[in-house]
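**Student:** Chains as they are written, first to last, in the numbering used here: chain A, -18 to 532; chain B, 292 to 665.
Take a look at the following structure, please.
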Amino acid sequence: MIRFSQVSLTYPHATRPTLDSVDLSIDEGELCLVVGQTGVGKSTLLGAINGLVPHFTGGTLSGRVTVNGRDTSTHPPRELADLIGVVGQDPLAGFVTDTVEEELAYAMEQLAIAPAVMRKRVEETLDLLGIADLRNRPIRSLSGGQQQRVAIGSVLTAHPRVLVLDEPTSALDPTASEEVLAAITRLVHDLGVTVVIAEHRLERVLQYADRVISVQSDGRVVSGPPGQILATSSVAPPVVRLGRLAGWSPLPLSVRDARRVAADLRIELKKISAGPAPVASPTSASSPTSASSPTVLASTALVASKLTVRYEEVVAVARVDVELLSGEIVALMGRNGSGKSSLLWALQGAGARDGGSVTVQGKDPSTLPPSQARGLVGLVPQTPTDLLYLATVQAECTQADLDAEQPAGTCAQILQRIVAGIDPLTHPRDLSEGQKLALVLAIQLCASPSVVLLDEPTRGLDYTAKEHLTQLLQELAARGHAIVVSTHDVEFVASTADRVMVIAAGEIVADGPTAEVVVASPAFAPQVAKILSPEPWLTVEDVASALRSAP
Amino acid sequence: MQLAPDRPGFVAQPSAKSRRLPRDLHPGAWWIWALGMATAASRTTNPLLLLVILAVVAFVVSARRTQAPWAKGFTAYLWFGLLIICSRLAFRLLLDGQYGEHVLFRLPELGLPSLAAGVRIGGAVSLEGLLAAFYDGLRLATLLICLGAANVLANPKRLLKSVPGALHEVGVALTVALTLAPQLVESAQRIRKARKLRGELGRRTRFFSEILVPVMTDALDRSLFLAAAMDSRGYGRTAHVPVKTRRVTGTLVIAGLIGVCIGIYGLLDGSSPWTLGVPMLAVGLVFAGIGFILGGQRVQRSRYRPDLWILNEWAVALSGCAVATVVFVVAVTNPSSLNPSLQPLSWPSLPLLPTLAILIGILPAWVSPPPVRT
């Protein structure tokens, strides 16, 4: 179906090719997962399938890419629209019309499909993705998950033979992404659609994949059955890492496979946790900060009571009480549109607040001028780049020092500590997602706030970057900062947070230690917990350290 | 067997209003109606007639507007109309107050060099002058509010969707531009909010570098992304048409549209020769029509749920046309009733025929289907 023969792609001004002599053949009805670290060219590979690369992006492509016999060098993307559906990372940026129904029909209109057929397909697609009740809604009023489903629906209506998805679930909560993936697998199995999907959170997609295409950092591409590629891959989901740790063969790819071979491990772990060694108890291993600095935990960093945020008739946050302790990392979870962002912005004081109070160090940040409020509570917003506007990293750092009235070089030092080796003369827009996040975090830390809030920082981060973020947040917590992270990433929560708050329709519905909250819920439980339940283990690291310390 | 109203078991007929199927009227019908009202307004300076037009338009808008985002702006148009009247009066006060003999008061006059002979700043202000300015301002404001009503009642994007195939690309470009404006506002707000997080709003914000540059970069990024998304969804697929046909089509469409523009100008401007009006419009329409039909062959696309044009649409459009036609005819046969005399001053009267004609314009409040409530 899709054939790459000796494809190399070099972007203008690049010193080395992004893709280097790629030979690849994807058969009809395959679900291919493209893996690789951030910035290695996954998006380039996906873009090359329908010719957006290089027709749209520029660059020199040598070799041939053919899809169903059509060569992308002679067929621009629009001539392949009936064959290939493409869904990008940011669904909102790709919408042409303003209501759901019209958006679903748009591609079909361009392909001159008969009106009666269009009517039928729109209805089918609305049902397939479970968005029938949104049909007349303006797209901009939908939540991220709904928008992503509309974006997928809008290409499905054209009945493409190939579906290319670039991180389709990165903005979705666990349940919504399960729904989207279920819809995708249904297309593969029922209609034989070929799907090529790039995803950072492999734990979500791996079990459905027929084949994994691994893009290496030198531009070469390796492809093969998931078990074979993942055995040596530098990126791997918890289930695979647990499998490697326990030496299971063949390597399990789904929770089901792993559970079936994990009986022995469960028994072994049960013996260990029942044993005398307190170091190995799961809870202490999962929260190193509380174990290392119990004294810091005593002081309260932030108290919010009866916090309310409303947008006209919609109540985003309803009389929420929050108490944060110094040195703890709190994860804020909840489905798309449940009020996470509104709560964070209200806590910082820059966002709207319609009632209640926030107290940090005896002061209410919303009554202070912004320059002082950020000294109490620092917020890294969902789009961190909104905070950046200068031409170089160095200039941003200098400006941050001035704003926070810190001695020159403070911000640069913090940045150096967070991520080493960013060229100070780089334009902030040229940084990777992880580096951008680090820069904004450094700018916010410059004002040394006692509370740090991060709104969905894990979006677009690969495993390495997430591990790095975990270490960083734990360091900050150890210094006495109280940290709140809103995220959909359960694996990240399991390895990072001490406490989890779950928010639904503006109210806190669960609040407690990570182990208790996430293990109790099937949607929020990390893979390790699902494999090893009823034993309360959350991460591969916990299991590894327990096994090491065991006799 | 007949059921008596007082017998138990009698089910009252649902009222006519609730029985009507809610749907969105074709945006074109609303535009024709509004243009008809606007044409009527352009023909008269009689403040009473203009107020009747305003009342009719406002009534129809309040009866038939939806809850959609674009339907919220009618009051903005009213305020804008008021602004036009006020600025008109202000200029008259300052620049050329003396127009008639009923001097109300005198402003200090500014001596100008002889070069600017004929221009007067300040001085006497007469009732006639102010009234003339008021009438004129009211007419302009009414015109604007009529067009505003069309914008409020009909989704401008749906109107663009109904453009002929030959204008498809232009239509899409306009649609995207219409989407971009609110997006720019949104990203400006987002970036302003983010600035607050950096604590920079306390000091002087450098608007250009701190707000405008990020907003524009954001907009550029989005447009590139949108262009890529549209391309991969098949936008711009064309059938192959010989170059000669393309050229003929282009010429016809452009000539036709110029003709239509001149025709509309001739219709709206009472002082232009008669031939510039209806005949020009007709010729323009024919040219453009042929061009569109030829050009439409190039674009291969279909339309999802095109807006219906049935009896209701005819009724709404014709009511607008009727208003325009009657007022137009009266303007030719009996212009004095539409333009109250200022010298000598007289009270404006409400002429019967034009008033009745304008009242036809209120019919869409009933003949159009009720809007879909979401």
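Using N, Cα and C, we set each Cβ at its ideal position, and we do this for glycine too.
Given the structure is predicted, the values throughout are model-derived calculations rather than measurements.
Report all residues from its chain with a CB closer than 8 Å to the CB of Pro564(B); omit the five preceding and five following residues, and keep chain order.
**Tutor:** By one-based count along the second sequence, residue 564(B) stands at place 273. Contacts found: Gly557.
**Student:** Would Ser523(B) pass as a contact of Arg59(A) if the rule is Cβ separation under 9 Å?
**Tutor:** By one-based count along the second sequence, residue 523(B) stands at place 232. By one-based count along the first sequence, residue 59(A) stands at place 78. Yes, the Cβ-Cβ distance between Ser523(B) and Arg59(A) is below 9 Å.
**Student:** Excluding the 5 residues flanking Ser323(A) on each side, which residues of the same chain have their C-beta closer than 6 Å to its C-beta?
**Tutor:** Along the first sequence, one-based indexing puts residue 323(A) at 342. Within the same chain, Ser323(A) has close Cβ partners Val290, Ala297, Val298.
**Student:** At 3 residues or longer, and completely inside the region 543 to 602 of chain B: list those beta strand (DSSP E) runs for me, N to C.
**Tutor:** As far as the region 543 to 602 of chain B is concerned, it has no whole beta strand (DSSP E) run of at least 3 residues.
**Student:** Using a C-beta to C-beta distance shorter than 7 Å, which residues of chain E count as neighbours of Gly75(A)?
**Tutor:** You won't find chain E in this structure, because its protein chains are A and B.
**Student:** Going by C-alpha distance, which of Arg247(A), Leu172(A), Leu123(A), Leu453(A) is nearest Pro515(A)?
**Tutor:** For the purposes of this step, residue 515(A) is taken as the residue at position 534 of the first sequence. Answer by Cα proximity: Arg247(A).
**Student:** Can you list the residues of chain A that Thr672(B) reaches, using a CB-CB cut of under 7 Å?
**Tutor:** Since the first and last residues shown for chain B are 292 and 665, residue 672(B) lies out of range.
**Student:** Could you check whether the region 24 to 38 of chain A touches the region 209 to 223 of chain A, counting it as contact only if at least three pairs of C-beta atoms, one from each stretch, sit closer than 8 Å?
**Tutor:** Contact between the region 24 to 38 of chain A and the region 209 to 223 of chain A is absent, because fewer than three Cβ pairs lie under 8 Å.
**Student:** Compare the C-beta of Tyr526(B) against all C-beta atoms of chain A and say whether one is closer than 9 Å.
**Tutor:** For this step, residue 526(B) is matched to residue 235 along the second sequence. Yes, Tyr526(B) counts as interfacial toward chain A.
**Student:** Along chain B, in chain order, which residues have C-beta atoms closer than 8 Å to that of Ile94(A)?
**Tutor:** The sequence position of residue 94(A) within the first sequence is 113, counting from 1. The contacting residues are Ser593.
**Student:** Give the DSSP-derived three-state secondary structure of Ile30(A) in the structure shown.
**Tutor:** As a working note, residue 30(A) is residue 49 in the first sequence. DSSP places Ile30(A) in helix when its eight states are reduced to three.
**Student:** Is Asp1(A) helix, strand or coil by DSSP?
**Tutor:** In the first sequence, residue 1(A) corresponds to position 20, counting from 1. In the structure shown, Asp1(A) sits in a strand (DSSP, three-state: E or B).
**Student:** Select from Ala486(A), Lys447(A), Val483(A), Gly487(A) the residue whose C-alpha is nearest the C-alpha of Ser476(A).
**Tutor:** To locate residue 476(A), count along the first sequence from 1; it is residue 495. Ranking Ala486(A), Lys447(A), Val483(A), Gly487(A) by Cα distance to Ser476(A) puts Lys447(A) first.
**Student:** With a Cβ-Cβ cutoff of 9 Å, do Val131(A) and Leu123(A) count as a contact?
**Tutor:** As a working note, residue 131(A) is residue 150 in the first sequence. As a working note, residue 123(A) is residue 142 in the first sequence. Closer than 9 Å, so yes.
**Student:** Against chain B, with Cβ distances strictly below 9 Å, would Met89(A) count as a contact?
**Tutor:** For this step, residue 89(A) is matched to residue 108 along the first sequence. At least one chain B Cβ lies under 9 Å of Met89(A).
**Student:** Let me check understanding here. Comparing Cα to Cα, which of Pro141(A), Val432(A), Ser151(A), Pro409(A) lies closest to Leu283(A)?
**Tutor:** Here the question's residue 283(A) lines up with position 302 in the first sequence. Nearest option by C-alpha distance: Val432(A).
**Student:** So if I threshold CB-CB distances at 8 Å, which residues from the region 529 to 551 of chain B count as touching chain A?
**Tutor:** So nothing in the stretch comes that close.
**Student:** For Ala608(B), I'd like the list of residues in its chain whose CB is within less than 7 Å of its CB, leaving aside the five on either flank, ordered along the chain.
**Tutor:** For the purposes of this step, residue 608(B) is taken as the residue at position 317 of the second sequence. Ala320, Ile323, Trp324.
**Student:** State the beta-bridge partners of Thr451(A) as determined by DSSP.
**Tutor:** Reading the first sequence from its first residue, position 470 is the one you call residue 451(A). None; Thr451(A) has no bridge partner.
**Student:** Within the same chain, show all residues whose beta-carbon is closer than 8 Å to that of Ala258(A), passing over the 5 residues directly before and after it, in chain order.
**Tutor:** Walking along the first sequence from the start, residue 258(A) turns up at place 277. For Ala258(A), the pLDDT reaches just 42, beneath the cut-off of 50, and the residue's location in the model is therefore unreliable, although a value from the coordinates is still provided. Cβ neighbours of Ala258(A) beyond the five flanking positions: Ser530, Ala531.
**Student:** Could you give the DSSP three-state label for Trp657(B): helix, strand or coil?
**Tutor:** To locate residue 657(B), count along the second sequence from 1; it is residue 366. Three-state result, Trp657(B): helix.
**Student:** DSSP has Gly414(B) in a bridge; who is on the other side?
**Tutor:** Within the second sequence, the letter at position 123 stands for residue 414(B). Looking at the DSSP assignment, Gly414(B) forms a beta bridge with Leu398(B).
**Student:** Let me know if Asp315(B) comes out buried or exposed under the rule of 16 or more other beta-carbons within 10 Å of its beta-carbon.
**Tutor:** Locating residue 315(B) in the second sequence gives position 24, counting from the first residue. With 16 or more Cβ atoms within 10 Å of its Cβ, Asp315(B) is classed as buried.
**Student:** On the criterion of 16 or more Cβ atoms from any shown chain inside 10 Å, does Ala266(A) qualify as buried, or is it exposed?
**Tutor:** Mapped onto the first sequence, residue 266(A) falls at position 285. Only weak support exists for where Ala266(A) lies, its pLDDT of 40 falling under 50; the value from the coordinates is given anyway. It is buried - the Cβ of Ala266(A) has at least 16 other Cβ atoms within 10 Å.
**Student:** Name the residues in the region 364 to 379 of chain A whose C-beta lies less than 7 Å from a C-beta of chain B; which are they?
**Tutor:** Under the 7 Å Cβ criterion, the region 364 to 379 of chain A contributes Asp367, Leu368, Tyr370.
**Student:** Under 8 Å between beta-carbons, which chain B residues line up against Asn31(A)? List them in chain order, please.
**Tutor:** Residue mapping note: residue 31(A) aligns to position 50 of the first sequence, counting from 1. Those within 8 Å of Asn31(A) in chain B are Ser523.
**Student:** Can we say the region 375 to 389 of chain A touches the region 418 to 437 of chain A, given the rule of at least three CB pairs closer than 8 Å?
**Tutor:** Result yes; three or more Cβ-Cβ pairs closer than 8 Å.
**Student:** Against chain B, with Cβ distances strictly below 9 Å, would Ser352(A) count as a contact?
**Tutor:** Taking the first sequence and counting its residues from 1, one reaches residue 352(A) at position 371. So, interface residue.
**Student:** Under a three-way DSSP split, which group does Thr25(A) fall into?
**Tutor:** Along the first sequence, one-based indexing puts residue 25(A) at 44. If DSSP states are grouped into helix, strand and coil, Thr25(A) belongs with the helices.
**Student:** Apart from the five residues just before and just after Leu368(A), which ones in its own chain have a Cβ nearer than 6 Å to its Cβ?
**Tutor:** Reading the first sequence from its first residue, position 387 is the one you call residue 368(A). Around Leu368(A): Val421.
**Student:** Using a Cβ cut-off of 9 Å (strictly closer), state whether Arg142(A) contacts chain B.
**Tutor:** Walking along the first sequence from the start, residue 142(A) turns up at place 161. By this cut-off, Arg142(A) is not an interface position.
**Student:** Specify the secondary structure class of Asp367(A) as computed by DSSP and reduced to three states.
**Tutor:** Your numbering for residue 367(A) matches position 386 in the first sequence. Looking at Asp367(A) - three-state DSSP - the assignment turns out to be helix.
**Student:** On the CB-based measure, 16 or more other CB atoms within 10 Å of its CB, does Cys392(A) come out buried or exposed?
**Tutor:** One-based indexing of the first sequence puts residue 392(A) at position 411. With 16 or more other Cβ atoms within 10 Å, it is buried.
**Student:** Under the rule that 16 or more other beta-carbon atoms within 10 Å means buried, what is Thr348(A), buried or exposed?
**Tutor:** What you label residue 348(A) is simply residue 367 of the first sequence in a count that begins at 1. The residue in question, Thr348(A), is exposed, as its Cβ has fewer than 16 Cβ neighbours within 10 Å.
**Student:** Is Phe37(A) close to chain B? Criterion is C-beta to C-beta, closer than 9 Å.
**Tutor:** In the first sequence, counting from the first residue as 1, residue 37(A) sits at position 56. So yes, Phe37(A) belongs to the interface.
**Student:** Check the Cβ-Cβ distances between Gly493(B) and every residue of chain A, and say whether any is below 9 Å.
**Tutor:** For the purposes of this step, residue 493(B) is identified with residue 202 of the second sequence, where counting begins at 1. Unreliable positioning characterises Gly493(B) in this predicted model, as indicated by a pLDDT of 47, which lies under 50. The coordinate reading is nonetheless provided below. Interface residue, yes.
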